[in-house]
Ligand code: OFO
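Residue numbers (my numbering): 31 to 210.
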């Protein structure tokens, strides 16, 4: 059994964040399923892939908590929100989820700073960078949507957008294989 190297308060915060990452995965999964049945295969593929990434984030928290002598506790995950109205709504809601999650990561880093818990502070930096990349990625997709939705041939442009989005993660690479 490992010596506990995180405070009880930090253990609780990290566990809550682990569950939040699982929730993020559910949100992307739900939106991906919605996009698929709405006829947007490319957007759906992007969202399915991203759901997997959020799950990997959950595992990173699980590993870190246990490695630091805490106990990662698997809790219930809230239900994902209602389906978006359209692609723009989907992207805007996705961005808001990412911004909310960034704030939650910031709170952990802040607590690590207060507690002078440099191991968790260092661990948290990976997620700070990751959130910057993810917010940028979704912001760029929103820009693309706004360009695609302009003009008269809206349907044709949305077809192009859908095709482009299947390759979106390459536009702003996410360090899916990054090791801590
Ligand atoms: Fe877990 O990276 Fe976004 O939310």
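Built from N, CA and C at the ideal position, the CB exists for glycine as well. From a predicted model like this one, the values you see are computed outputs, not experimental measurements.
Please tell me whether, using a cut-off of 6 Å, the distance from the CB of residue i to the nearest non-hydrogen atom of the ligand OFO is below it.
i	result
residue 87	yes
residue 163	no
residue 128	yes
residue 47	no
residue 84	yes
residue 118	no
residue 170	no
residue 131	yes
residue 54	yes
residue 51	yes
Under the three-state reduction of DSSP, which class applies to residue i: helix, strand or coil?
i	result
residue 72	helix
residue 88	helix
residue 198	helix
residue 95	helix
residue 193	helix
residue 227	Only positions 31 to 210 of the chain appear in the structure, and residue 227 is not among them; the question remains open.
Starting from residue i, follow the alpha helix (DSSP H) in both directions and report where the run begins and ends.
i	result
residue 123	117-145
residue 211	Any question about residue 211 goes unanswered here, given that the chain covers just 31 to 210.
residue 154	148-178
Against chain C, does residue i count as a neighbour if the rule is that its beta carbon must be under 7 Å from one of theirs?
i	result
residue 153	As a matter of chain content, chain C is missing from the structure shown, which is built from one protein chain.
_the segment 98-105 / the segment 120-132 touching (three or more Cβ pairs under 8 Å)_ = no
Taking 8 Å as the threshold, find out whether the segment 48-60 comes into contact with the segment 159-171 through three or more Cβ pairs. no
Touch check for the segment 134-147 and the segment 57-69: three-plus C-beta pairs under 8 Å? no
*Indicate whether the contact test is met: 3 or more Cβ pairs, each with one atom in the segment 145-159 and one in the segment 35-44, closer than 8 Å.*
yes
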